[in-house]
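Numbering (full-length UniProt numbering), first residue to last: 1 to 191.
Only one structure is covered here, and it is reproduced in the block below.
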Amino acid sequence: MIEIPSDLHKDLVPLAFLLGNWAGAGVHDFPGAEKCNFGQEVTFTHDGRDFLEYHSYSWVLDQDGNKVRPLESEHGFWRIDGLRKVEVTMTRDDGVIEIWYGELADQKPQIDLVTDAVARTPNARPYSGGKRLYGYVKGDLMWVGEKQTPEVSLRPYMSAQLKKVVTPEDVERWAKALPDDMPDDGIAFFK
Numbered sequence: 001m002i003e004i005p006s007d008l009h010k011d012l013v014p015l016a017f018l019l020g021n022w023a024g025a026g027v028h029d030f031p032g033a034e035k036c037n038f039g040q041e042v043t044f045t046h047d048g049r050d051f052l053e054y055h056s057y058s059w060v061l062d063q064d065g066n067k068v069r070p071l072e073s074e075h076g077f078w079r080i081d082g083l084r085k086v087e088v089t090m091t092r093d094d095g096v097i098e099i100w101y102g103e104l105a106d107q108k109p110q111i112d113l114v115t116d117a118v119a120r121t122p123n124a125r126p127y128s129g130g131k132r133l134y135g136y137v138k139g140d141l142m143w144v145g146e147k148q149t150p151e152v153s154l155r156p157y158m159s160a161q162l163k164k165v166v167t168p169e170d171v172e173r174w175a176k177a178l179p180d181d182m183p184d185d186g187i188a189f190f191k
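Next comes the structure, spelled out in structure tokens:
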């Protein structure tokens with residue numbers, strides 16, 4: 001269910017499908033790095049201004065699905081203009097700062113992004129750019145990331161399927177929003 005908060009900045013309405021807490025798992029595979037399954041938590045929030053704040057934390061999973069160690073963390077800000085152009089500024093825990101540009105697809109909740117600028121600290125691993133695709137598919141947030149380095153051409157390296165995390169506060173808010181004329185037995189509601 002996509003909710004549009006009443007205090008969401010009007011420019012961000014097309015990005016409302018991203019809002020909330022998401023959790024799930026995916027696959028990481030890139031030359032020179034460990035191939036692994038990973039868990040991920042992603043949060044998109046807003047405070048009424050014209051951007052979404054983004055946090056992502058991922059960790060390596062063992063064969064039984066248990067957390068082994070951190071994989072990577074990101075923090076950023078997402079904006080969109082009236083022409084559906086999306087811009088993202090992002091900082092990663094490995095010493096990389098990126099500016100991404102892209103656009104929201106017409107008539108569907110899908111965002112394609114490409115790096116426009118990359119800055120690296122001296123200790124950061126080699127990295128020269130990437131692409132990302134985010135989509136809201138049957139209630140899930142799915143994404144795939146591609147990256148390139150001076151030694152490796154652009155190629156997929158991470159993808160995940162994330163489910164919306166429902167909190168007790170969400171359930172309470174939804175319960176309060178139910179219409180007063182709900183049928184007593186609940187069955188008539190579905191007829």
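By construction, the Cβ of each residue, glycine as well, lies at the ideal position given by its N, Cα and C atoms.
Quick caveat: nothing in here was measured; it's all calculated off a predicted structure.
- CA-to-CA, the gap between VAL42 and GLN63 works out to about 22 angstroms.
- In the structure shown, ALA25 adopts extended strand secondary structure according to DSSP, grouped into three states.
- For the 9 angstroms CB-CB criterion, TRP59 and LYS67 form a contact.
- In the DSSP assignment, THR89 forms a beta bridge with PHE77 and ILE99.
- By the CB criterion at 9 angstroms, ASP81 and TRP100 fall outside the cutoff.
- Short of 7 angstroms from the beta carbon of GLY76, and not among the five residues preceding or following it, lie these beta carbons of its own chain, in chain order: TYR54, VAL88, THR89, MET90 and THR91.
- Beta bridge pairing from DSSP links GLN40 with GLY24 and SER58.
- When secondary structure is reduced to three states using DSSP, LEU18 falls in the helix class.
- Cβ-Cβ distances below 6 angstroms link LYS131 to VAL114 and GLU146 in the same chain, with the five nearest sequence neighbours on each side left out; the list follows chain order.
- LEU12 and TYR136 have their C-alpha atoms some 16 angstroms from each other.
- Per DSSP, reduced to three states, the secondary structure at GLU34 is coil, with no helix or strand assignment.
- For the 9 angstroms CB-CB criterion, TRP143 and LEU154 do not form a contact.
- Setting aside the 5 residues that flank it on each side, PHE44 is surrounded in the same chain by LEU18, LEU19, LEU52 and TYR54, each with a C-beta closer than 6 angstroms to its C-beta; the list follows chain order.
- In the three-state reduction of the DSSP assignment, ASP94 falls in the coil class.
- For GLU72, the beta-bridge partners assigned by DSSP are SER58.
- Counting along the chain, the unbroken beta strand (DSSP E) around ILE111 starts and ends at 110-120.
- In this structure, the alpha-carbon of GLU169 lies about 38 angstroms from that of GLU34.
- The shortest CA-to-CA distance from GLY139 to any of ALA119, GLN110 and SER159 is the one to GLN110.
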